Amino acid sequence: MSCVRLGLRETWSERPAIAGSILTYALLLGVWASLWKLVPDAALARLSLRYEQLVWYFALTELVPFSVGHCYRQIESEIQAGGATPYLVRPIGYTALCGMLELGHTAAKLAFIGPAGCALAFLLTGTVPLGAAQVPPLAVLLVGGASIYLGVQIMIGLSTAWFGTARPLFFIVQKLVFVLGGLIVPLSAYPGVLERVAWLTPFPATLYAPASLALEPGFAHVGGMLVLQAFWLALVLAALAGVAGAFERRLMANGEA
Amino acid sequence: MIVEVEHLTKEFRRGKRETFTAVDRVGFSIAPGERVAFIGPNGAGKSTTLKMLTGILYPTSGSARVAGLVPWQERRRLAHEIGIVFGQRSQLWYHLKVEDSFELLGRVYGLRPADYRARAAEVAAILRIEALLSQRVKTLSLGQRMRCEIAAALLHRPRILFLDEPTIGLDVTAKALLREHLKHVAEADDTAIVLTSHDTGDIEEICSRVILVNHGRVLLDQPLDALRAAFVARKRITLVTEEQDPQCCFADADVILAAPHKLVLSVDGARGAVDRVVSQALARYDVRDLTIENAPLEAIIRDLYGGAA
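These protein sequence lines are chains A and V, in that order.
Residue numbering for the first sequence follows this note's numbering, starting at 1 and increasing by one per position.
Residue numbering for the second sequence follows this note's numbering, starting at 1001 and increasing by one per position.
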């Protein structure tokens, strides 16, 4: 809770950056909404989709990358500067402390950008696809999706200890998240093979899971998405624990990363 | 003893076959409340030794116990017993206010809120950083940040404080202030201090014992007073002369500085050379001022480094 509180306070102190994020988010949403507007309703209907659903879908998927940001960069630069070593002498390790602080930042940004995003989506479509009952599970799925993406980014940042830089790996993973996570188009509209490949990865749990409530708000679907996220969150946390342990052992063998 | 080190060794691999011994069978003990300067030239093995004692680095062989714990095996428990300040690396969160960093550290170390608040107020008063608590770390000057770093390292009342170049980059006034605060804090809490520094002022003002290492080995381990006494035989004689260019020609003296109207000599006082040099100088020059003083600690340590090379 201290980390969440600090994240909120720090994010509030960086209001210009949040405002910039919201503007960028609004621009992207506006551009894609304009593009979806050009697609005939009949064509969307063949994919069992409507314009309003696609706009809300994109509004929700974009919340995750906008909230998590590029936290891997902070980890990368700290490791390159030897700044991770002092954390070894604290009762709570580098990865855990880093993760909690970033979770606080992410939660704070979600709290600011989320309502703005939903307001924009309503302005563009004139509809709200979710009832009040779906809002709490949506919030849980957004936090869950952001947590999975955050865990993946932290692992990418820690890879700096082995590769010297994390950026190439991040660029690859980011594109995989966007494509296999269904950033712009729901997975249900993907070609069969691609959709099946996507479901084998954690990426649908990050973006598609929360945003799919704009397509299927029913509780059976919500329950399925919660189970999916819980599964991948557990796997990502286990992988993160393994990478963090290897990272600390590397530091302790060499004194530096 | 709060620190016990025996035959501690660390070897690093260079390439596939070559190894480099950074620390070679180092051994020493430190008592609770003792203040020790751990010095040596660059590459002597100081930082490597400290990293092993703080649990950051596995040794190759040997043993060590800090506050009764084996550092590299019980790192998380040891963290509650030690505090560390790195002169060149910050442990505070750059974008947070100082008080937020302190609060986070209080949580990290498991301090109860009431205990944390009392302790934070106490160290803030001792280090005179009350006015800095509401500022962001990134806005602090180097001297201010170092005082905050030390306060942060003391929040959990460590029994031993490791200071790695704590005054590096500070101006004279800031150094004096920081040294004063460190002495006060160490005395108030009976905290042992292990200090590495290239600044002899840090050693003279803070420490009572010197351990000199070079090439990974302990070359000297003495109380500071004993070190001074062993080298006090070297005297420094400063002559201010009427002559613009006093030519130096003393059999018993080494010239440290020859400047217009000034000559600074180093003399081995143990062999009675001071009298001879002073007599010769008075006979040869029109001396306006003459000063005889003990060789400064800096010169002593430089000689030790040079002898140990």
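C-beta: ideal position from N, C-alpha, C; glycine also.
Note that this is a predicted model, so its numbers are computed, not measured.
| field | Interface partners of V/Ile1056 on chain A, CB under 8 Å | value | Thr85, Leu88, Val89, Leu251, Met252, Gly255
| query | V/Glu1293 lies in the alpha helix (DSSP H); which residues open and close that run? | reply | Looking at the DSSP string, V/Glu1293 is not in any alpha helix (DSSP H); the run it does join, the beta strand (DSSP E), is 1287 to 1294.
| request: Take the Cβ of V/Ala1309 as the centre, count every other Cβ of all protein chains shown within 10 Å, and call the residue buried at 16 or more, exposed below. | output: Low confidence applies here, because V/Ala1309 scores a pLDDT of 48, under 50, leaving its location unreliable; read the following figure in that light. Per the 10 Å Cβ criterion, exposed.
| message | Can you tell me where the alpha helix (DSSP H) holding A/Glu78 begins and where it ends? | response | 71 to 80
| Same chain, Cβ closer than 6 Å to A/Trp56, neighbours up to 5 away in sequence not counted | Ala121, Pro129, Ala214
| request: Verify whether the separation of the beta carbon atoms of V/Leu1104 and V/Val1137 is less than 8 Å. | output: no
| request: Identify each residue in the stretch 1082 to 1102 of chain V for which the Cβ-Cβ distance to at least one residue of chain A is less than 7 Å, and report them in chain order. | output: Ile1082, Ile1084, Phe1086, Arg1089, Gln1091, His1095, Leu1096, Asp1100
| field | Cα-Cα separation between V/Leu1132 and V/Glu1205, rounded to whole angstroms | value | When rounded, the distance between both Cα atoms is 25 Å.
| Rounded to a whole number of angstroms, what is the C-alpha to C-alpha distance between V/Ala1153 and V/Asp1100? | 14 Å
| task | Pull up the distance between the alpha-carbon of V/Phe1162 and that of A/Gly157, whole angstroms please. | result | 29 Å
| By the 10 Å Cβ neighbour count, where 16 or more other Cβ atoms means buried, how is V/Gln1088 classified, buried or exposed? | exposed
| query | Looking at chain V, which residues of the stretch 154 to 172 of chain A have a Cβ within less than 9 Å of any of its Cβ atoms? | reply | Nothing from the stretch 154 to 172 of chain A brings a Cβ to less than 9 Å from some Cβ of chain V.
| request: Please say whether V/Ile1082 and V/Arg1160 have beta carbons closer to each other than 8 Å? | output: Per the sequence presented here, residue 1160 of chain V reads as Ile, with Arg not at that position. Against a cut-off of 8 Å, the Cβ pair of V/Ile1082 and V/Ile1160 comes out as a contact.
| Taking 8 Å as the CB-CB cut-off, is A/Gly113 touching chain V? | Inspection of the sequence shows that residue 113 of chain A is occupied by Ile rather than by Gly. Not closer than 8 Å to any Cβ of chain V, the Cβ of A/Ile113 fails to qualify, so no.
| Rounded to a whole number of angstroms, what is the C-alpha to C-alpha distance between A/Ala42 and A/Gln74? | 46 Å
| task | For A/Gly245, go through chain V and note every residue whose CB falls closer than 8 Å to its CB, in chain order. | result | In chain order: nothing, as chain V lies at least about 13 Å away.
| For V/Glu1165, is the beta carbon positioned less than 7 Å from some heavy atom of the ligand FAD? | Of ligands this structure carries none, so the ligand FAD is not represented either.
| Mind checking V/Pro1260: buried by the 16 CB within 10 Å criterion, or exposed? | exposed
| Partner residues on chain A for V/Val1108, Cβ-Cβ distance less than 8 Å | Arg90, Pro91, Ile92, Leu97
| Are the beta-carbon atoms of V/His1184 and V/Ile1237 separated by less than 8 Å? | no
| said: Please state whether the Cβ-Cβ distance between A/Cys3 and A/Met155 is less than 8 Å. | reply: no
| field | Closer than 8 Å to chain A by CB, V/His1261 | value | no
| query | If the cut is a Cβ gap below 8 Å, which residues of chain V does A/Gly82 touch? | reply | Arg1089
| task | Can you give me the Cβ contacts of V/Leu1227 inside the same chain, cut-off strictly under 6 Å, excluding the 5 residues immediately before and after it? | result | Val1210
| query | Does the stretch 1017 to 1037 of chain V touch the stretch 225 to 239 of chain A, meaning 3 or more C-beta pairs lie closer than 8 Å? | reply | no
| field | Backbone CA spacing between V/Val1098 and V/Leu1111 [nearest angstrom] | value | Approximately 17 Å between the Cα atoms of the pair.
| Going along chain V in order, which residues have a C-beta closer than 7 Å to the C-beta of A/Glu10? | In chain order: His1095, Leu1096.
| What number of angstroms, rounded off, separates the C-alpha of A/Gly93 from the C-alpha of A/Tyr87? | Approximately 6 Å between the Cα atoms of the pair.
| field | Beta-carbon neighbours of A/Leu103, restricted to chain V and to distances below 9 Å | value | Residues of chain V passing the Cβ test: none, with the nearest at roughly 13 Å.
| request: Could you tell me the boundaries of the alpha helix (DSSP H) in which V/Leu1178 lies? | output: Run containing V/Leu1178: 1172 to 1189, per the alpha helix (DSSP H) assignment.
| field | Three-state class that DSSP yields for A/Val193 in the structure shown | value | helix
| said: Using C-beta distances below 7 Å, list every residue in its chain close to A/Leu187, excluding the 5 sequence neighbours before and after it, in chain order. | reply: Glu195, Ala198, Pro204, Tyr208
| message | Measuring only the C-alpha atoms, how far is V/Lys1010 from A/Arg9? | response | Distance from the CA atom of V/Lys1010 to the CA atom of A/Arg9, rounded to whole angstroms, is 44 Å.
| request: Provide the residue(s) that pair with V/Lys1235 in DSSP beta bridges, ordered along the chain. | output: V/Val1267, V/Asn1294
| query | Are there three or more Cβ pairs, one per stretch, closer than 8 Å when the stretch 1214 to 1222 of chain V is compared with the stretch 1032 to 1045 of chain V? | reply | Touching, per the Cβ criterion.
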